[in-house]
Amino acid sequence: MSASSTGAEGDGGGIRAVSRAWRVLRAFSPERMSLSVAELVRETGLPRTTVLRLVETLAGEGVLEQGGVDGQVRVGTALIAFAAFADAAWAVPAATAARMRALAAETGETVSLYVRSGVRRVVVGQAPSPNTLRHVVQPGDELPLSVGSAAYVLLSLESAAVLEALLPQVSSDVDGMRAVIAEAAERGWCLTHGQREPGNTGLAVPVPEVDGRRRGLPVVLALGGPTVRFGDEKVPGFVAAVQRCAADIAVSGLPPALG
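Numbered per UniProt numbering, the sequence shown spans residues 1 to 259.
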């Protein structure tokens, strides 16, 4: 297969073409279902000729729709099936969602489930804080692995070989990362203040395996909220409450995609 048939601009084969197509799709959002070619070029940073070729290919598969009087590019009907599949694969079981809501009510803070995807951590479930002032993330949000309690606990669950391969990609301070990850592994939980954003605190624990069954990915349960509500006197109770919830949801179940 020639480079011209597999890669946009003949610059790296099929993998580059897939990556670029994904960049085009990620330019769309619930707030922006329709974009012009010029907007896609600006959002993706790709050449116009590449964007036009990718849009044509994706439209041919029904993932995008092209044309119309206004010349806009829109999300296509093929995404309906993908959305249904994604919802089935990543839906948090009802009992687990209820337990997460109970923890949010008990602590007054936002409760989130995280998994690792490459060099990012992804929110796969959430129960928001009942307070007006609260930590805000949404399912599907991607956050860095370089900072934050959930990131450190996720990394502490990786094998030594995987961790050593990941660290140089995640941070320039590899030794510092090793130290904080080792501490999280030893304690079984991690607390960080203001690392991702000032004034916000995160507390994370691993979701244990049940009866030695291995799941597809390590999972972390995290509590997040304003630092002023995470005083020293509250932290031990928060840790115990999050650990109890993590043990409960290991039994009540996780999204099917996690195995």
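Every residue gets a Cβ at the ideal spot worked out from N, C-alpha and C, and that includes glycine.
According to DSSP, simplified to helix, strand and coil, what is residue i?
i: residue 217; result: coil
i: residue 32; result: strand
i: residue 125; result: strand
i: residue 291; result: This structure does not reach residue 291, given that the chain is present from 1 up to 259, and the question cannot be answered.
i: residue 168; result: helix
i: residue 142; result: strand
i: residue 134; result: coil
i: residue 111; result: strand
i: residue 117; result: strand
i: residue 157; result: coil
i: residue 247; result: helix
i: residue 8; result: Caution applies to residue 8, whose pLDDT of 37 falls short of 50 and renders its modelled position unreliable; the model cannot decide the point.
i: residue 176; result: helix
i: residue 87; result: helix
i: residue 2; result: Residue placement at residue 2 is flagged as unreliable, the pLDDT there being 34, under the threshold of 50; a coordinate-derived value is accordingly withheld.
Classify residue i: buried if its beta carbon has 16 or more other beta carbons within 10 angstroms, exposed otherwise.
i: residue 33; result: exposed
i: residue 80; result: exposed
i: residue 11; result: At residue 11, the pLDDT of 43 sits below 50, so the modelled position is not reliable; the number obtained from the coordinates is stated separately. When all chains shown are included, residue 11 counts as exposed.
i: residue 22; result: exposed
i: residue 36; result: exposed
i: residue 149; result: buried
i: residue 30; result: exposed
i: residue 107; result: buried
i: residue 42; result: exposed
i: residue 17; result: buried
i: residue 86; result: exposed
i: residue 99; result: buried
i: residue 156; result: buried
i: residue 104; result: buried
i: residue 50; result: buried
i: residue 267; result: For the chain, the structure presents residues 1 to 259; residue 267 sits outside this window and is missing.
i: residue 174; result: exposed
i: residue 231; result: exposed
i: residue 249; result: buried
Mind checking whether residue i and residue j have CB atoms under 7 Å apart?
i: residue 223; j: residue 242; result: yes
i: residue 205; j: residue 246; result: yes
i: residue 258; j: residue 202; result: no
i: residue 110; j: residue 134; result: yes
i: residue 170; j: residue 145; result: yes
i: residue 63; j: residue 83; result: no
i: residue 252; j: residue 95; result: yes
i: residue 152; j: residue 179; result: no
i: residue 220; j: residue 154; result: yes
i: residue 255; j: residue 92; result: yes
i: residue 90; j: residue 124; result: yes
Which residues share a DSSP beta bridge with residue i?
i: residue 200; result: 226
i: residue 193; result: 201
i: residue 254; result: BP columns for residue 254 are empty, so no partner.
### Query
Enumerated in chain order, which unbroken segments of the beta strand (DSSP E) with a length of 3 residues or greater are wholly contained in the UniProt domain "HTH iclR-type" (15-77)?
64-66 and 73-75
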